[in-house]
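Student: Reading the sequence shown from the start, the letters are residues 226 to 625 in the numbering used here.
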Amino acid sequence: MIDDFWIAATALLLGAIVWVLVLPRYWQRKYPTETNEDWLRLRQRELAGESEQLQQEAALRLIEDGIIDDVPRSAGPLISSRAAQWAGVVLLTVSVVSLYQHLGSWEDVNIARALSDVERAQPADIIALISRIETRAEARPANADYALLLGEYYLSGNDPTAAFNYFDRLVVMGASAPEILGKAAQAEFLANDRQLSATARARAEQALAVNTAEPAALATLGMAAFEESDFRAAIQYWQRLQALEPPGSPGYTMLAQIIERARVELGEAPTVLADESLAGAAPAISSKSPGVDVVVRVPEGALVPPKGSVVFVLARAAGTEQGMPIAVSRTQPERWPLSVRLDDRQSMAGQLISEITAVSIEVQVSIDGQPGRDNALYWGRVDAVTVGGVEPVVIALTGQ
Numbered sequence: 226m227i228d229d230f231w232i233a234a235t236a237l238l239l240g241a242i243v244w245v246l247v248l249p250r251y252w253q254r255k256y257p258t259e260t261n262e263d264w265l266r267l268r269q270r271e272l273a274g275e276s277e278q279l280q281q282e283a284a285l286r287l288i289e290d291g292i293i294d295d296v297p298r299s300a301g302p303l304i305s306s307r308a309a310q311w312a313g314v315v316l317l318t319v320s321v322v323s324l325y326q327h328l329g330s331w332e333d334v335n336i337a338r339a340l341s342d343v344e345r346a347q348p349a350d351i352i353a354l355i356s357r358i359e360t361r362a363e364a365r366p367a368n369a370d371y372a373l374l375l376g377e378y379y380l381s382g383n384d385p386t387a388a389f390n391y392f393d394r395l396v397v398m399g400a401s402a403p404e405i406l407g408k409a410a411q412a413e414f415l416a417n418d419r420q421l422s423a424t425a426r427a428r429a430e431q432a433l434a435v436n437t438a439e440p441a442a443l444a445t446l447g448m449a450a451f452e453e454s455d456f457r458a459a460i461q462y463w464q465r466l467q468a469l470e471p472p473g474s475p476g477y478t479m480l481a482q483i484i485e486r487a488r489v490e491l492g493e494a495p496t497v498l499a500d501e502s503l504a505g506a507a508p509a510i511s512s513k514s515p516g517v518d519v520v521v522r523v524p525e526g527a528l529v530p531p532k533g534s535v536v537f538v539l540a541r542a543a544g545t546e547q548g549m550p551i552a553v554s555r556t557q558p559e560r561w562p563l564s565v566r567l568d569d570r571q572s573m574a575g576q577l578i579s580e581i582t583a584v585s586i587e588v589q590v591s592i593d594g595q596p597g598r599d600n601a602l603y604w605g606r607v608d609a610v611t612v613g614g615v616e617p618v619v620i621a622l623t624g625q
């Protein structure tokens, strides 16, 4: 479909072409041009009856301006050649298009229209739209709206590196809103393999200084504290973040799990198992969300772990063996082999396993209920497991 803009632009350009090519053929002088001699005769008629001195001054003026005209009185009309006229048309067209490419904003209008209808767009259409916005954002790096939109898109799409580029651009441009500072810190933290730089920490703390309940800043500082084994600080940040969530919501459920995990790391006995304490809230997250089914087997010929042992099943980003898990299940098995499903109900720190393509799965069997390989009677690990796969992942445990 042709846009109204291009119809109007084409009409105006055609009008300009007609003005340059056609009108000069018709708008021509139908009478000879006036000369200096014509002016002298007119002036002499005006001075009839006046002093002779005035008539002499008029004649002197004629001599000064030049008695003989350069253009003969019988000269025909001057019309530019067609080649010159067409050259002017081409130059006009190229100049208009070039100026609009640099100064126009019709692409911005089209992007705004597409965004207003994005809810009905297909995934391929959304990807194409994001590509257009990226191109426009690079052409206009000072456009804060595009940078914010792309930062939000990539942060929610699990591409923190790309998200950080845009949030950092916003902060450099002078953005000081706490939500932007918090997300800039979060994106940098995730892009840097969960290492909190001094810049990211300063931005998160600045966000909390303005808004003590800024979610991204609280989540980032909580995750960073957990990675640094400062579990008490992590609990404090996550409790503040949990207070922002409605009880029973997916966010509340995930935060309750990771707070319980941090307490376990501190050596505190959990009041109730995380999976049990959240049983009433679990329906808030769909059990049909993409996840990983895990079957845990005891080594052949080995003793079955004693009753009361705790099995931790952890999912991390594919290729990693340390750091905060994406999802965790803590179970006391009644029989072996043990079947466990990791999905969004076990996700941690606002991360959803359904949004991850591949993960590594690690299983730890602990007698005293403390996580970690050092405390494990048995453990096992499988890397590069596809999330949402049909077949369960079988992990054969090995002894320490």
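Backbone N, C-alpha and C define an ideal beta-carbon position, used for all residues, glycine too.
Quick check: the Cα distance between residue 560 and residue 454, rounded to an integer number of angstroms?
Tutor: If I take the Cα positions, the gap works out to 33 Å.
Student: Report buried or exposed for residue 589, applying the criterion of at least 16 other Cβ atoms within 10 angstroms of its Cβ.
Tutor: Classification for residue 589: buried.
Student: Does the Cβ of residue 486 have 16 or more other Cβ atoms within 10 Å, making it buried, or fewer, making it exposed?
Tutor: It is buried - the Cβ of residue 486 has at least 16 other Cβ atoms within 10 Å.
Student: Report the residue ranges of all beta strand (DSSP E) runs contained in full by the region 526-611; include only those spanning at least 3 residues, in chain order.
Tutor: DSSP runs (the beta strand (DSSP E)) wholly in the region 526-611: 535-542, 552-556, 563-567, 583-591 and 601-611.
Student: So, using beta-carbon positions, are residue 444 and residue 420 closer together than 8 Å?
Tutor: Cβ atoms of residue 444 and residue 420: not closer than 8 Å.
Student: Just the C-alpha distance for residue 362 and residue 393, rounded to the nearest angstrom, thanks.
Tutor: Near 14 Å, if we compare the C-alpha coordinates of residue 393 and residue 362.
Student: Nearest-angstrom Cα distance between residue 371 and residue 337?
Tutor: One C-alpha to the other measures close to 11 Å.
Student: From the DSSP output, read off the bridge partner residues of residue 521.
Tutor: The partner list for residue 521 (beta bridge, DSSP) reads 563 and 620.
Student: Rounding to the nearest angstrom, what Cα-Cα distance links residue 433 and residue 548 in this structure?
Tutor: Near 25 Å, if we compare the C-alpha coordinates of residue 548 and residue 433.
Student: How about residue 614 and residue 517: do their beta carbons lie closer than 8 Å?
Tutor: Taking 8 Å as the Cβ cut-off, residue 614 and residue 517 qualify as a contacting pair.
Student: Assign residue 567 to buried or exposed, taking buried as 16 or more other Cβ atoms, counted over all protein chains shown, within 10 Å of its Cβ.
Tutor: Answer is buried; the Cβ neighbour count reaches 16.
Student: If contacts are defined as beta-carbon pairs under 8 Å, then residue 584 and residue 541 qualify, I think. What distance do you get, rounded to the angstrom?
Tutor: Confirmed, about 6 Å.
Student: Distance check for residue 480 and residue 608, CA to CA, integer angstroms please.
Tutor: Cα to Cα, the separation comes out at about 26 Å.
Student: Out of 555, 310 and 563, point me to the one whose CA is closest to residue 245's CA.
Tutor: If we check each option's Cα against that of residue 245, 310 comes out closest.
Student: Classify residue 239: buried if its beta carbon has 16 or more other beta carbons within 10 angstroms, exposed otherwise.
Tutor: Residue 239 should be labelled exposed.
Student: Here's the rule: buried if 16 or more other CB atoms are within 10 angstroms of the residue's CB, otherwise exposed. What is residue 544?
Tutor: Exposed, because fewer than 16 other Cβ atoms sit within 10 Å of the Cβ of residue 544.
Student: Return the chain-ordered list of same chain residues with a C-beta closer than 6 Å to the C-beta of residue 538, the five sequence neighbours on each side being excluded.
Tutor: Around residue 538: 519, 554, 565 and 588.
Student: Can you tell me whether residue 251 is buried or exposed? The criterion is at least 16 other CB atoms within 10 Å of its CB, across all chains shown.
Tutor: Answer is exposed; the Cβ neighbour count stays below 16.
Student: Give the C-beta separation of residue 488 and residue 621 to the nearest angstrom, bearing in mind that I take them to be a contact with Cβ-Cβ under 8 Å.
Tutor: Incorrect: roughly 31 Å between the Cβ atoms, too far for contact.
Student: Is DSSP giving residue 378 helix, strand or coil here?
Tutor: Here residue 378 sits in helix by DSSP.
Student: When DSSP labels each residue in this structure, what does residue 319 get in the three-state scheme?
Tutor: Looking at residue 319 - three-state DSSP - the assignment turns out to be helix.
Student: Which residues in the same chain as residue 299 place their Cβ atom closer than 6 Å to its Cβ, once the five residues preceding and following it in sequence are excluded?
Tutor: In this predicted model, residue 299 has a pLDDT of only 47, less than 50, meaning its place in the structure is not dependable enough to derive any value.
Student: Thinking just about the alpha-carbon of each residue, which of 595, 612, 594 and 618 is nearest to the one in residue 605?
Tutor: Of the candidates 595, 612, 594 and 618, the one whose C-alpha sits nearest the C-alpha of residue 605 is 618.
Student: Report the residue from 593, 586 and 395 whose alpha carbon sits nearest the alpha carbon of residue 557.
Tutor: Among 593, 586 and 395, the Cα nearest to that of residue 557 is on 593.
Student: Residue 425 lies in the alpha helix (DSSP H); which residues open and close that run?
Tutor: Looking at the DSSP string, the run of the alpha helix (DSSP H) that includes residue 425 is 423-435.
Student: Nearest to residue 358 by alpha carbon, out of 381, 273 and 333?
Tutor: Of the listed residues, the one whose Cα sits closest to residue 358 is 333.
Student: Please work out which residues of its chain come closer than 6 Å, Cβ to Cβ, to residue 465, disregarding the five sequence neighbours upstream and downstream, and give them in chain order.
Tutor: Cβ within range, chain order: 443.
Student: Distance, Cα to Cα, residue 227 vs residue 550?
Tutor: Unreliable placement is indicated for residue 227, whose pLDDT of 45 sits below 50; the coordinate value is still reported in the next sentence. If I take the Cα positions, the gap works out to 51 Å.
Student: Among the residues of its own chain, which have a CB less than 7 Å from the CB of residue 446, if the five just before and after it don't count?
Tutor: Cβ neighbours of residue 446 beyond the five flanking positions: 429 and 462.
Student: Using three-state DSSP, classify residue 490 as helix, strand or coil.
Tutor: It is helical.
Student: Would you tell me roughly how many angstroms separate the C-alpha atoms of residue 267 and residue 273, rounded to the nearest one?
Tutor: Distance between the alpha carbons of residue 267 and residue 273: 10 Å.
Student: Going by DSSP, what residue range makes up the alpha helix (DSSP H) through residue 413?
Tutor: Unbroken alpha helix (DSSP H) run through residue 413: 403-416.
Student: Please say whether residue 317 and residue 241 have beta carbons closer to each other than 8 Å?
Tutor: It is a contact, given that the beta carbons lie within the stated cut-off.
Student: Have a look at 475, 449, 533 and 436 and flag the residue whose alpha-carbon is nearest the alpha-carbon of residue 423.
Tutor: With distances taken between Cα atoms, residue 423 lies closest to 449.
Student: Where does residue 576 land, buried or exposed, given buried means 16+ other C-beta within 10 angstroms?
Tutor: Flag for residue 576 reads buried.
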